[in-house]
Amino acid sequence: MVHRAKLILRFALGFAIILACLFGAKWIIQLSALQIPAALLGMVFLVILLATNIIKVEWLAPAAEPILKYMALFFIPAGVGLVEHLSLFQSHWLMLLLLLVGVPTISLVLLSPIVKSIKFRD
Numbered sequence: 032m033v034h035r036a037k038l039i040l041r042f043a044l045g046f047a048i049i050l051a052c053l054f055g056a057k058w059i060i061q062l063s064a065l066q067i068p069a070a071l072l073g074m075v076f077l078v079i080l081l082a083t084n085i086i087k088v089e090w091l092a093p094a095a096e097p098i099l100k101y102m103a104l105f106f107i108p109a110g111v112g113l114v115e116h117l118s119l120f121q122s123h124w125l126m127l128l129l130l131l132v133g134v135p136t137i138s139l140v141l142l143s144p145i146v147k148s149i150k151f152r153d
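Residue numbering for the sequence shown follows our numbering, starting at 32 and increasing by one per position.
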């Protein structure tokens with residue numbers, strides 16, 4: 032019983048941290064009128080908190096593992112939407128390919144020095 036209670040509390044702590052990052056991002060977006068998704072900004076907050084060791088990975092693991100385990104289910108509606116608009120993809124395939132390759136590449140190139148500098152400060 033005690034083990035189960037600890038597991039539930041660990042899950043609640045991890046989930047609360049994830050939600051705090053998301054709601055903090057939503058709050059900042061509302062105040063500043065930024066044009067980026069709150070989930071993306073929340074993930075940036077989470078990465079910064081993890082990289083600076085303000086929060087530990089162990090605190091997030093109990094809540095993140097079930098989410099990651101069933102993540103594929105969240106992509107089913109998006110996949111159905113893609114199939115409905117195949118003609119659009121056929122007419123704009125080059126631009127989509129450039130975006131799908133270019134945006135992650137640019138993000139990695141820009142974010143990796145930032146994360147390295149944060150990690151080497153410790």
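Heads up, the beta-carbon is just placed ideally off N, CA and C, and yes, glycines get one too.
* To do: Flag this pair as yes or no: are the beta carbons of LEU103 and GLY45 separated by less than 7 Å?
  => Reading the sequence as shown, one finds Ala at residue 103 and not Leu. Cβ atoms of ALA103 and GLY45: not closer than 7 Å.
* Rounded straight-line distance, which links the Cα of SER143 to that of PHE106 -> 27 Å
* Classify ILE39 as buried or exposed, calling it buried when 16 or more other Cβ atoms lie within 10 Å of its own Cβ. => exposed
* To do: Could you check the C-alpha separation between LYS150 and ALA82 for me, to the nearest Å?
  => 6 Å
* PRO108 - DSSP class collapsed to helix/strand/coil -> helix
* Considering only residues of the same chain and omitting the five flanking positions on each side of VAL134, which have a CB-CB separation below 6 Å? -> none
* Looking at the structure shown, is ILE86 part of a helix, part of a strand, or coil, going by DSSP? -> coil
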